[in-house]
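Student: First, the structure itself, so that you have it in front of you.
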Amino acid sequence: MTAQTRLIDAIRSALGERSVTTDAERIAPLLTDWRGRFHGAADAMLLPASTQDVATMVRLAGEYRVPLVPQGGNTSMVGGATPPADGSALLLSTRRLNRIRRLDPEARLAVAEAGVILQTLHERAAEVGCRFPLTLGSRGTATIGGLVSTNAGGTQVLRWGNMRRLVTGVEAVLPDGSVHDGLTPLPKDNRGYDLDQLMIGAEGTLGIVTAATLRLAPAVLARAVAWVGIADPEAGLALLRRMQAATDAIESFEIVPGDTLERVLDYLPDARAPLTGTHPWHLLIEAVAATPEDEAPDVLLARLLGDALEAGLAADAVIAASEAQAEAFWRLRDSLSAAERAAGPAVQHDISVPVDRMPRFMVEAAAAAEARFPGTHATAFGHLGDGNVHFHVRAPAGADPARWMAEAAPGITAFVHDLVVAAGGSISAEHGIGQMKRDELARLGPPARLAALRAIKRGLDPLNLFNPHKLVTLAPVDGAK
Ligand code: FAD
75 MTAQTRLIDA
85 IRSALGERSV
95 TTDAERIAPL
105 LTDWRGRFHG
115 AADAMLLPAS
125 TQDVATMVRL
135 AGEYRVPLVP
145 QGGNTSMVGG
155 ATPPADGSAL
165 LLSTRRLNRI
175 RRLDPEARLA
185 VAEAGVILQT
195 LHERAAEVGC
205 RFPLTLGSRG
215 TATIGGLVST
225 NAGGTQVLRW
235 GNMRRLVTGV
245 EAVLPDGSVH
255 DGLTPLPKDN
265 RGYDLDQLMI
275 GAEGTLGIVT
285 AATLRLAPAV
295 LARAVAWVGI
305 ADPEAGLALL
315 RRMQAATDAI
325 ESFEIVPGDT
335 LERVLDYLPD
345 ARAPLTGTHP
355 WHLLIEAVAA
365 TPEDEAPDVL
375 LARLLGDALE
385 AGLAADAVIA
395 ASEAQAEAFW
405 RLRDSLSAAE
415 RAAGPAVQHD
425 ISVPVDRMPR
435 FMVEAAAAAE
445 ARFPGTHATA
455 FGHLGDGNVH
465 FHVRAPAGAD
475 PARWMAEAAP
485 GITAFVHDLV
495 VAAGGSISAE
505 HGIGQMKRDE
515 LARLGPPARL
525 AALRAIKRGL
535 DPLNLFNPHK
545 LVTLAPVDGA
555 K
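Anchor point for the sequence shown: position 146 equals 220 in the numbering used here, and the numbering is continuous, going up by one each time.
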C-alpha cells in the first residue's frame with residue numbers, strides 16, 4: 075500500500091466519501107494545464123467543503139508525507155496547478171469551497187471562499203450595487219483562491235491595482251495544519267510580517283487559501299469603450315499619459331498589434347474588425363463614470379480622442395455605440411490568448427519593464443528576437459499602461475510544432491528574458507513562476523531575492539508538502555517528498 079493510498083483511506087475515514095475522489099475520468103482533465111504544455115499524475119483529488127476539512131487533510135498529508143497541489147480553475151499559464159508527473163502528490167480542488175460568506179456594500183467588502191469563480195463574484199457584487207474591480211479573460215473559470223495565489227492582474231490594474239491591492243486579508247491553512255485567519259479588515263495592524271501578503275502570489279507553496287476579504291468599488295453607472303488605430307506603441311503611451319493628465323476615469327488601456335487582431339478575427343469567424351482601415355497597432359480604451367457628477371464617459375472619450383486625432387497620436391478611432399458593441403470590442407481583447415493558442419506554436423512570455431521603457435522594448439525586442447532566430451515572428455500585446463505585455467515568438471512557417479518547441483523554446487526564452495532583465499524588468503508580470511519559469515527564476519533571480527524565497531519556503535513548509543517544485547526548488551529534506 076502506497077503512502078498516497080493510506081492517506082486517501084485516512085481522509086475518507088475522517089471526512090467521509092465525498093471528501094475525495096479517485097475517479098480517473100473526473101481527474102484526468104485536471105492533470106494538464108490550460109496551454110496543454112504540462113502533464114501530471116495524481117491518484118486522487120481531495121474535495122474539502124470547509125476550512126476545517128482542509129486543515130484535517132493537511133495534517134494527515136503531513137503524517138503520510140504526501141504533497142498536495144492546490145487547484146482552483148486550472149487556468150494557470152505557467153503549469154502552476156499541474157501536479158508532478160511521478161504521481162507523488164494528490165490534487166486538492168477548492169471547487170466545494172464556493173460560498174460568499176459576506177457581501178457588505180456599506181463597508182465595500184466581500185468575503186469569498188477560495189473556490190468562488192470570479193464571474194460569480196462579479197454578478198453577486200452587482201446585485202448589491204457594487205463591483206469587484208478586477209477582470210481577466212479567464213473570469214468564467216478562475217477562482218478567488220487562484221487569483222489570490224497568483225496575485226492576478228488583468229485589464230483594470232491601471233486604475234485599481236492587482237490582487238495585492240484588492241485583498242485586505244486572507245484565511246489560509248498553513249503546512250502544519252494550523253489556520254491563519256486574516257479575514258477581519260484592520261486598517262492598522264503591525265504584528266510583524268504580513269502573512270496575508272505572504273500568501274498573495276505564493277502560488278500555493280506556503281498555504282492553502284480558503285477565503286479572502288476583498289475590496290469592492292461602487293458599481294459603474296456608465297462606461298464607454300473605444301477602439302483606436304495608432305502608428306506605434308510610443309504613440310500609445312503618449313496618448314495614455316495625455317488622457318491620465320486630463321481624467322482619472324480611464325480604467326483600461328490595452329494594446330494589440332495589427333497581425334494579432336487578424337489572428338483573433340480568424341479565430342472568431344462571427345467577429346468584425348472595429349475599424350475599417352488597417353493599422354499597425356490598436357488600442358482598446360475603457361472610461362467609466364461611477365457617480366452622476368462624473369462626465370459621461372462617451373463624451374469624455376470623444377473629446378480626448380478628438381484631441382488625439384488632431385495631435386496625430388491616433389490615426390482613427392471609434393467609440394462603441396451600444397453595450398453590445400462594447401462587449402464585442404472586449405471579446406476581441408479577451409480572446410487574444412485563445413486565438414494565439416489556436417494559431418500554432420509560439421514561445422510565450424509574460425513580462426514587465428518600467429512603463430516608460432515599454433514602447434521601445436516592444437519594438438526593439440521583437441526585432442532583436444526575429445534577427446536572432448530567423449523565420450520567427452515576434453509580437454507583444456496587453457497591458458501597456460502597466461508596463462506589462464505578453465511577448466510571443468511564433469515558430470517559422472512549416473516548423474514541426476513539438477520539435478520546434480523542444481529545441482528552440484529554451485534558447486528563445488533565455489534570449490527574451492535576458493533582454494527583460496537588461497531593461498530592469500521582471501520575467502513574470504502577472505502569471506507567476508509555476509513550473510514553467512522556475513529554472514529561469516533560478517538563473518536570473520537576484521541572489522538576495524532567491525535566498526529569501528527559499529528560506530521562507532523552508533521555514534514554513536519544511537517537509538515541502540505544498541505544491542513542491544513550483545516557484546523554487548529546495549534540496550530534499552529527510553522523509554520529505
Ligand atoms: P489555478 O490555475 O487553479 O492555480 C493557479 C496557482 O494558484 C497554482 O499554483 C495553484 O496551485 C495555486 N492555487 C489555486 N488555488 C489555490 C488556493 N486556494 N490556495 C493556494 N494556492 C492555490 N492572469 C492575470 O493575472 N491577468 C490576466 O489578464 C490573465 N488573463 C488570462 C486569460 C486567459 C484566457 C487565461 C486562460 C488565463 C489568464 N490569466 C491571467 C491566468 C490565470 O487565469 C490567473 O493566474 C488566475 O489567477 C488563476 O486562477 P485559477 O483559479 O484558475 O488558479
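Backbone N, C-alpha and C fix where the C-beta goes; we use that ideal spot for every residue, glycine too.
(1) Given residue 539, which residues of its chain have a CB within under 7 Å of its CB, disregarding the five upstream and five downstream residues?
(2) Determine, for residue 238, whether the minimum Cβ-Cβ distance to residues of chain C falls below 7 Å.
(3) Kindly examine the ligand FAD and report whether one of its heavy atoms sits closer than 6 Å to the Cβ of residue 207.
(4) Between residue 301 and residue 470, what straight-line distance do the alpha-carbon atoms span, to the nearest angstrom?
(5) Report buried or exposed for residue 552, applying the criterion of at least 16 other Cβ atoms within 10 angstroms of its Cβ.
(6) Using a Cβ-Cβ cut-off of 8 Å (strictly less than) and excluding sequence neighbours within five positions of residue 252, which residues of its own chain qualify?
(7) According to DSSP, is residue 436 part of a helix, a strand, or is it coil?
(8) Taking contact to mean 3 or more Cβ pairs, one atom from each stretch, closer than 8 Å, check whether the region 308 to 322 and the region 272 to 282 are in contact.
(9) Name the DSSP bridge partner or partners of residue 329?
(10) Contact check, residue 313 vs residue 388 under 8 Å by CB: the rounded distance?
(11) Alpha carbon to alpha carbon, how far is residue 213 from residue 121? Give it in angstroms, no decimals.
(12) Check whether the Cβ atoms of residue 435 and residue 330 sit closer than 7 Å, and answer yes or no.
(13) Looking only at its own chain, which residues have a Cβ that is under 7 Å from the Cβ of residue 370, when we skip the five neighbours before and after it?
(14) So, at 8 Å on beta carbons, what are the nonlocal neighbours of residue 203 in its own chain, with the 5 sequence-adjacent residues on each side left out?
(15) Please report the distance separating the alpha-carbon of residue 170 from that of residue 107.
(16) To the nearest angstrom, how far is the alpha carbon of residue 189 from that of residue 307?
(17) Opposite residue 540 in the DSSP bridges: which residues?
(18) Taking 6 Å as the cut-off, is the C-beta of residue 149 nearer than that to any heavy atom in the ligand MN?
(19) Suppose contacts are defined by Cβ-Cβ distances below 7 Å. Is residue 185 in contact with residue 240 by that definition?
(20) Quick one: give me the first and last residue of the alpha helix (DSSP H) that residue 530 is part of.
(21) Is there contact here, the region 519 to 532 with the region 456 to 476, by at least three beta-carbon pairs under 8 Å?
(22) For residue 224, verify whether its CB is less than 6 Å away from any heavy atom of the ligand FAD.
(23) With distance defined between alpha-carbon atoms, name the residue in 288, 451, 399 and 317 nearest to residue 418.
(24) Quick one: any contact between the region 102 to 116 and the region 232 to 247, if contact means 3 or more CB pairs under 8 Å?
(25) Within 10 Å of its beta-carbon, does residue 396 have 16 or more other beta-carbons around it, so buried, or fewer, so exposed?
(26) Relative to the alpha-carbon of residue 391, which residue among 486, 86 and 355 has its alpha-carbon at the smallest distance?
(27) What I want to know is whether the C-beta of residue 556 ends up closer than 6 Å to one or more non-hydrogen atoms of the ligand FAD.
(28) Under the criterion of a Cβ to heavy atom distance below 6 Å, does residue 145 qualify as lining the ligand FAD?
(29) Considering only heavy atoms of the ligand FAD, does any lie closer than 6 Å to the CB of residue 490?
(30) What does the Cβ neighbour count give for residue 87, buried or exposed, with the cut at 16 atoms within 10 Å?
(31) Nearest to residue 414 by CA position, among 176, 151, 127 and 101, is which residue?
(32) Does DSSP classify residue 205 as helix, strand or coil?
Tutor: With the structure as the only source:
(1) 135, 136, 141, 142 and 249
(2) Absent from the structure: chain C. Only one protein chain is present.
(3) no
(4) 30 Å
(5) Only weak support exists for where residue 552 lies, its pLDDT of 48 falling under 50; the value from the coordinates is given anyway. Classification for residue 552: exposed.
(6) 129
(7) helix
(8) no
(9) 357 and 456
(10) 6 Å
(11) 22 Å
(12) no
(13) 296 and 363
(14) 179, 292 and 293
(15) 20 Å
(16) 38 Å
(17) 142
(18) Of the ligands one can find in the structure shown, namely the ligand FAD, none is the ligand MN.
(19) no
(20) 521 to 534
(21) no
(22) yes
(23) 451
(24) no
(25) exposed
(26) 355
(27) The question about residue 556 has no answer here: the residues shown for the chain are numbered 75 through 555.
(28) yes
(29) no
(30) exposed
(31) 151
(32) strand
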